[in-house]
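What follows is a short report on a single structure.
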Amino acid sequence: MSVKPGAEFLTGGLGIEMDSRRGLGRRRRPFEQFMHGALWLCGAISILTTIGIVYMLGQEALLFFRREEVRLLDFLTGWTWQPQTLQFGIWPLVNATMGASLIAMALALPLGLLIAIYLSEYASFKARRILKPILEVLAGIPTVVYGYFALTFVTPILRNMFGVEVVEIFNIASAGLVIGVLVLPTVTSMSEDALRAVPVALREAAVGLGATKLETSVRVVVPAALSGISAAFIVAMSRAVGETMIVAVAAGAGPRNFADWSEALGGLRALNPFQSAETMTGHIVRISGGDISYDSLDYDSLFAIGLLLFLMTLGLNIFSRAIASRFRERYD
Amino acid sequence: MAVSNVDGTTEGGGYALTASNLQVWYGGFHAVSDVSMEVPTHRITAMIGPSGCGKSTLLRTFNRMNDLVDVARVEGSVHYRGVDIYGPDVDPVEVRRRIGMVFQKPNPFPKSIFENVAWGARIHGFKGDMEQLVEDCLRRVVLWDEVKDKLNQSGLSLSGGQQQRLCIARAIAVQPDIVLMDEPCSALDPIATLHIEELMRDLAAQYTIVVVTHNMQQAARVSDYTAFFSVIPETRTGELVEVGPTDMIFDSPDNPRTNDYITGRFG
Ligand SMILES: Nc1ncnc2c1ncn2[C@@H]1O[C@H](COP(=O)(O)OP(=O)(O)O)[C@@H](O)[C@H]1O
Ligand SMILES: [Mg+2]
Chain U
1 MSVKPGAEFL TGGLGIEMDS RRGLGRRRRP FEQFMHGALW LCGAISILTT IGIVYMLGQE
61 ALLFFRREEV RLLDFLTGWT WQPQTLQFGI WPLVNATMGA SLIAMALALP LGLLIAIYLS
121 EYASFKARRI LKPILEVLAG IPTVVYGYFA LTFVTPILRN MFGVEVVEIF NIASAGLVIG
181 VLVLPTVTSM SEDALRAVPV ALREAAVGLG ATKLETSVRV VVPAALSGIS AAFIVAMSRA
241 VGETMIVAVA AGAGPRNFAD WSEALGGLRA LNPFQSAETM TGHIVRISGG DISYDSLDYD
301 SLFAIGLLLF LMTLGLNIFS RAIASRFRER YD
Chain F
1001 MAVSNVDGTT EGGGYALTAS NLQVWYGGFH AVSDVSMEVP THRITAMIGP SGCGKSTLLR
1061 TFNRMNDLVD VARVEGSVHY RGVDIYGPDV DPVEVRRRIG MVFQKPNPFP KSIFENVAWG
1121 ARIHGFKGDM EQLVEDCLRR VVLWDEVKDK LNQSGLSLSG GQQQRLCIAR AIAVQPDIVL
1181 MDEPCSALDP IATLHIEELM RDLAAQYTIV VVTHNMQQAA RVSDYTAFFS VIPETRTGEL
1241 VEVGPTDMIF DSPDNPRTND YITGRFG
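First to last, the protein sequences are chains U and F. Quick note on my numbering: the first sequence kicks off at 1 and runs consecutively. Quick note on my numbering: the second sequence kicks off at 1001 and runs consecutively.
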């Protein structure tokens, strides 16, 4: 093969001299090195922040557990949270948090996934262009507005449906449902991205076998996108567990205490979503919103709750990842 | 349900497909102009021609795959067993169940080898012995011995040639009449290509096959009939130049353009 005419022109004529003496020797590239360092620093900052938060939480929580009024076992197993009487059983708060989050996910996961399937597989260009911005607006509403939406709109509806003697004014169900609406855009947009990333070739394979659109979507596209969908689930669940304003406004301003496990679970009373209850985050804002002195017992207890909250979302994260990696279908 | 006669006395008079005055547009772009041709039953029909002349486009009109492309618009008719598949009462899903497709790049599902083959049959409510069906189909494509010990592994763990045979097994598992293949060997090495070609000859006893290829030797080796397409240079619109028995197209084409193309003097 001959050298193209013009190759000479490119190297010589434009003044780009190849320095033959330097040859293959190692060159210094200061900008590359600078960027390498800068990017490393960015990564390090995010890790350091996490470590810092965990350290701070752990430190303060330790102060709480070191106090002689507090016993770790009671904290981990007790069903009464009543600082006035020095009872620090965490379960009423955990129970409310889990209840509200589960209700939220029961709404947001199926609905969000269905909307995502619609947007990615069915919707025309025009329908997408209308629906997507609406979902984005939903994500931009301040959570305190959501809180009053729960209290003044959803709760009355629930009371109408199930009866005023069944549904209390402050209740977990209303807060949970509205948290579901809050995380819906997250579930939808992350799931939609995962669905869209599935190669067209897989859809064509299914359609070419005589599959309907629904069969293709549900039996090929969704399973292939499962790892992305589960990531959406994790993010939304963590968000729901940590959501504060909605529960503070609509769920109630005091823990739903029980004497012990048998009283809590007898007749499933702890699980009633129509009664008021205070979640972990709800309790933290209420207590820290009042006048609270720094090295008080109440103050320290908040960090114990915070640490547990962190461990719960971490656990959820690890658990969902494990589940997803078991069921995911790798297409790349 | 399969076509009964090897001599081709099915409805449509020995032709599995009859395209009449087919035209395809992508939006305002006229991609294929006025194609009329027959696809003989239980024969291999090859479609050859330069890249971009609309071979894939035309192939995809034969089982309404083009419905998936929003901007695509088809005029004319394709008759299958006496019915125009573009007729108002025709369900495209049913069309594709009977007229299957194998794609250029092997595209197994990210599921197990077994599930890949079983998938189509399952969605069509196959009630028989699924394990037997999967084995039969994998034997049919000469893949069984290579995969029988690892049916639970992902279809994507196979080599390219094996994946393509898996895709063919998957296509015949729903018992189609016709199998459309769009450059099924272009992503494969020569040995794997040879396997697929042998397989095509073998399958022709039972199925009608239409294969797009840019490889003329391949067309000459495997096909009974050949259709040669070309592009109108000014508009980039594809057109059918001539179609006939493969021997005739390669040895004594009517059209000088065909001759130029198959002798490599294209331009
Ligand atoms: N989805 C599409 N949208 C718009 N134009 C397309 C699309 N698919 C193919 N084309 C155009 O139609 C023409 C024929 O394409 P194709 O059928 O793929 O040709 P071939 O298979 O013969 O190479 C080309 O000009 C191509 O750019
Ligand atoms: Mg093509």
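Beta carbons: idealized from backbone N, C-alpha and C, even for Gly.
> According to DSSP, is U/S2 helix, strand or coil?
Replying inline: Its pLDDT being 47, under 50, U/S2 is placed unreliably in this model, and the value from its coordinates should be taken loosely. Coil.
> Is F/E1183 near ligand 2, with its Cβ less than 7 Å from a heavy atom?
Replying inline: yes
> Relative to ligand 2, is the shortest distance from any of its heavy atoms to the C-beta of F/S1157 smaller than 7 Å?
Replying inline: no
> Taking the C-alpha atoms as reference points, what is the distance between U/G252 and U/S276?
Replying inline: 5 Å
> Using a C-beta to C-beta distance shorter than 9 Å, which residues of chain U count as neighbours of F/G1100?
Replying inline: G208, L209 and G210
>> Run through the DSSP bridge pairs and tell me what U/A194 is partnered with.
In response: None, per the DSSP bridge assignment.
> Is there contact between the region 303 to 319 of chain U and the region 56 to 66 of chain U, where contact requires at least three CB pairs shorter than 8 Å?
Replying inline: yes
> Would you say F/A1016 touches ligand 1, meaning its beta carbon is less than 7 Å from a heavy atom?
Replying inline: no
> What is the DSSP secondary structure of F/A1141, counted as helix, strand or coil?
Replying inline: Correcting the residue identity first, residue 1141 of chain F is Val in this sequence and not Ala. DSSP places F/V1141 in coil when its eight states are reduced to three.
>> If we define contact as Cβ-Cβ less than 8 Å, is F/M1216 a contact residue for chain U?
In response: no
> From F/M1181 to F/D1247, what does the alpha carbon distance come to, in whole angstroms?
Replying inline: Between the C-alpha atoms of F/M1181 and F/D1247 there is a straight-line separation of about 21 Å.
>> Given the structure, does U/V183 come close to ligand 2, in the sense that its CB is under 7 Å from one of the ligand's heavy atoms?
In response: no
> Are three or more beta carbon pairs between the region 191 to 210 of chain U and the region 279 to 292 of chain U nearer than 8 Å?
Replying inline: no
> Taking Cβ-Cβ distances shorter than 9 Å, what residues in chain U pair up with F/K1127?
Replying inline: Correct list: empty, because the minimum Cβ distance to chain U is about 17 Å.
> Per DSSP, F/Y1015 forms a beta bridge with which residues?
Replying inline: F/P1040
> What's the gap between the Cα of F/T1009 and the Cα of F/S1230?
Replying inline: Only weak support is given to the placement of F/T1009: the predicted model assigns it a pLDDT of 41, under 50, and the value that follows is read from those uncertain coordinates. Each residue's Cα considered, the two are about 32 Å apart.
> At least one CB of chain F closer than 8 Å to the CB of U/L10: is that the case?
Replying inline: For U/L10, the predicted model reports a pLDDT of 48, less than 50, meaning its position is unreliable and no value from the coordinates is stated.
>> With a threshold of 6 Å on Cβ separation, who are the neighbours of U/G176 within its own chain once the five nearest residues in sequence on each side are excluded?
In response: A100, I103 and A104
>> Starting from F/M1065, trace the alpha helix (DSSP H) in both directions and tell me its first and last residue.
In response: Neither: F/M1065 is in no alpha helix (DSSP H) and is coded neither H nor E.
>> Determine, for U/V220, whether the minimum Cβ-Cβ distance to residues of chain F falls below 8 Å.
In response: yes
> Which residues of chain U have a Cβ atom closer than 9 Å to the Cβ of F/S1154, listed in chain order?
Replying inline: E329 and R330
> If you check the beta carbons only, do F/H1195 and F/G1161 fall under 8 Å apart?
Replying inline: yes
> Straight-line CA distance for F/L1017 to F/M1216?
Replying inline: One C-alpha to the other measures close to 23 Å.
>> Can you confirm whether F/A1227, when its beta carbon is compared against all beta carbons of chain U, has any partner nearer than 8 Å?
In response: No, F/A1227 does not count as interfacial toward chain U.
> Exposed or buried, U/R71, counting other C-beta atoms within 10 Å across all chains shown (16 or more means buried)?
Replying inline: It counts as exposed.
> When burial is assigned at 16 or more other CB atoms within 10 Å of the CB, is U/F334 buried or exposed?
Replying inline: What is shown of chain U runs 1 to 332, which leaves residue 334 of chain U out entirely.
>> Within a Cβ cutoff of 6 Å, which residues of the same chain sit near U/D140, ignoring the five residues on either side of it in sequence?
In response: For clarity, residue 140 of chain U is Gly in the given sequence; the question names Asp instead. Result list for U/G140: empty, nothing under 6 Å.
> If you count every other CB in all the chains shown that lies within 10 Å of the CB of U/H36, and 16 or more means buried, which is it?
Replying inline: exposed
> Got a sec: does ligand 1 put a non-hydrogen atom nearer than 7 Å to the Cβ of F/R1236?
Replying inline: yes
>> For a test of the three-state rule: what should DSSP assign to F/R1073, helix, strand or coil?
In response: strand
>> For the region 186 to 202 of chain U, list every residue whose C-beta sits within 7 Å of some C-beta in chain F, in sequence order.
In response: A201 and L202
> If we cut at 8 Å on Cβ distances, does U/E69 have a partner in chain F?
Replying inline: no
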